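Reading the sequence shown from the start, the letters are residues 14 to 346 in the numbering used here. Here the structure is laid out as structure tokens; the discussion comes afterwards.
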Amino acid sequence: MKQPPGFVKGKRIHNNVKGYLLIYVDDLILTANTDEEIQRVETLLTKNFVMHLLGRIKYFLGIKITMDTEKKILITMDTEKKILTLNQSEYIQKLLERFNMTDAKGKKTPMEKDLKLNDQTEEETQNDYRQLIGCLMYLANSTRPDIAFAVNYFSRFQSKPNEEHWMYAKHILRYLKNTKEAQMVLEPNDDKNLVVYVDADWAMYAKHILRYLKNTKEAQMVLEPNDDKNLVVYVDADWANDVNTRKSTSGYIIKYRGAIIAWSSRKQSCVALSSTEAEYIALSSVITESIWIKSILEDIEDEPVRIIIHEDNQSCIKLITDAKREIGLKHTE
């Protein structure tokens, strides 16, 4: 990845010591593979900037970060790595209080099956709808990819939300109440590659991107350590499910070293004329994102990262491997 003006990539290596500094406005996270390196960088930073050292990380941008000191994974005979969990139960509780849903009955799914709402309303009757969707978007993009599809669906009705939209959107809050303690469980491993899995429905309601939530009350992400060094991407798409526009929905999650690092669920910009086209469009979007992430990872790790795509749609496979089959698909570009 090309260095921006003013930055120079360091060339010195100190006994294979690596450190990472994450900066978001005035909040920082510092980590390294040795305690000595962390202390060295802390000393350098505090000498040049006014800073408050808060110790081991517990919260960052509203996300509770917990390191399990008892559960450890044996990486080698001499190395053990601890498990990290990410949770936003406090943020969810504040949402329930803000929208008067603390006494509401919980739900087991983010939205009702086969739900189809009409966006052709005459006037806006619900003023809190956009605020709720904005809060849910932050949650979906932070630690809860399981609600990404539902949030994306309800975000389509923000121009003129009515009471029906409001009622069904609150279904997500009921689900969050029932799964408030759900957390992302990050088990470290040496996976350094991108692997892509792609699938699509045929003229049916969009599959939820993550199907691991069969029992959502106990929902969690368990990432098993392995030696795979690829960028792993799971992609799904429906076909023409939107009753108003007949546009399809694409969704994906991206894993690196066993941890989910990115996810998305959004409506496609053009109308796909078949499930193959819907799958082709979804695949194109996730490849673009994967290549961008690949460039960042290669810059950080200083070694090549592969993108491996698993695709079960045979027509889509033939389409991307045979240039002659692209005829008639200019409307998807």
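For glycine and all other residues, C-beta sits at the position ideal for the given N, C-alpha and C. Source: prediction; values computed, not measured.
Helix, strand or coil at residue i according to DSSP, with G and I counted as helix
| i | result |
| --- | --- |
| R259 | coil |
| T56 | helix |
| N140 | coil |
| K77 | strand |
| T334 | helix |
| S172 | coil |
| K190 | helix |
| I304 | helix |
| G1 | With the chain running from 14 to 346 in the structure shown, residue 1 is simply not present. |
| K31 | coil |
| N243 | strand |
| L87 | Note on L87: pLDDT 40, under 50, position unreliable in the model; the coordinate value appears next. The answer is strand: DSSP assigns L87 an E or B state. |
| R157 | coil |
| R69 | coil |
| N61 | helix |
| L310 | helix |
| V284 | coil |
| F167 | helix |
| L149 | helix |
| F109 | Sequence check: residue 109 is Leu here, not Phe. Correct three-state label for L109: helix. |
Between the CA atoms of residue j and residue i - distance to the nearest angstrom
| i | j | result |
| --- | --- | --- |
| I36 | I42 | 7 Å |
| W252 | S261 | 5 Å |
| L97 | L199 | 5 Å |
| E290 | R319 | 25 Å |
| A161 | T59 | 39 Å |
| K107 | I146 | 15 Å |
| Y104 | G119 | 17 Å |
| C329 | D249 | 13 Å |
| V348 | E292 | In the structure as shown, the chain starts at 14 and stops at 346, and residue 348 therefore has no counterpart that could be examined. |
| D325 | T56 | 52 Å |
| I321 | T44 | 29 Å |
| A153 | Y181 | 17 Å |
| S155 | S308 | 22 Å |
| K126 | I300 | 29 Å |
| V54 | Y72 | 21 Å |
| K183 | N175 | 13 Å |
| K31 | D312 | 13 Å |
| T115 | G271 | 35 Å |
| Y188 | F112 | 14 Å |
| L66 | K331 | 55 Å |
| D48 | D141 | 47 Å |
| S102 | M197 | 12 Å |
| Q144 | L128 | 22 Å |
| F74 | T258 | Checking the displayed sequence, the identity of residue 74 turns out to be Leu instead of Phe. About 36 Å. |
| K95 | F62 | 31 Å |
| V38 | I333 | 41 Å |
| L352 | L109 | Any question about residue 352 goes unanswered here, given that the chain covers just 14 to 346. |
| E194 | R157 | 11 Å |
| N28 | D315 | 15 Å |
| H99 | Y151 | The sequence shown places Leu at residue 99, rather than the His named in the question. Between L99 and Y151, the C-alpha separation is close to 14 Å. |
| I304 | G68 | 35 Å |
| H323 | M64 | 46 Å |
| I51 | I306 | 26 Å |
For residue i: DSSP bridge partner residues
| i | result |
| --- | --- |
| D40 | Y37 |
| T98 | T79 and V198 |
| R279 | S263 |
| A45 | G32 |
| Y293 | Paired residue(s): none; Y293 is not in a bridge. |
| R319 | N243 |
Proximity winner among the options, relative to residue i (alpha-carbon distances)
| i | options | result |
| --- | --- | --- |
| N243 | S282, P317 and E292 | P317 |
| N165 | E176, P123, M180 and K190 | P123 |
| L130 | D39, E177 and C148 | E177 |
| S297 | R270, E311 and Y265 | Y265 |
| L310 | K95, A285, C148 and K268 | K268 |
| L149 | Q281, G32, V246 and K190 | K190 |
| S263 | I273, Q327, G271 and A285 | A285 |
| S282 | I273, S288, A272 and I294 | I294 |
| K121 | T192, G68, E314 and L67 | T192 |
| S288 | H65, L67, E49 and Q327 | Q327 |
| E302 | N254, D335 and Y247 | Y247 |
Neighbour flag for residue i against chain B, beta carbons, 7 Å
| i | result |
| --- | --- |
| D251 | Considering every chain present, this structure includes no chain B. It has just one protein chain. |
Quick test of the definition: if touching needs 3 or more C-beta pairs under 8 Å, does the region 68-80 touch the region 167-181? Look at the beta carbons and you see the region 68-80 not touching the region 167-181: under three pairs across the two are nearer than 8 Å.
Inspect the CB distances between the region 150-165 and the region 276-291 and report whether three or more fall short of 8 Å. Contact between the region 150-165 and the region 276-291 is present: three or more C-beta pairs spanning the two stretches fall below 8 Å.
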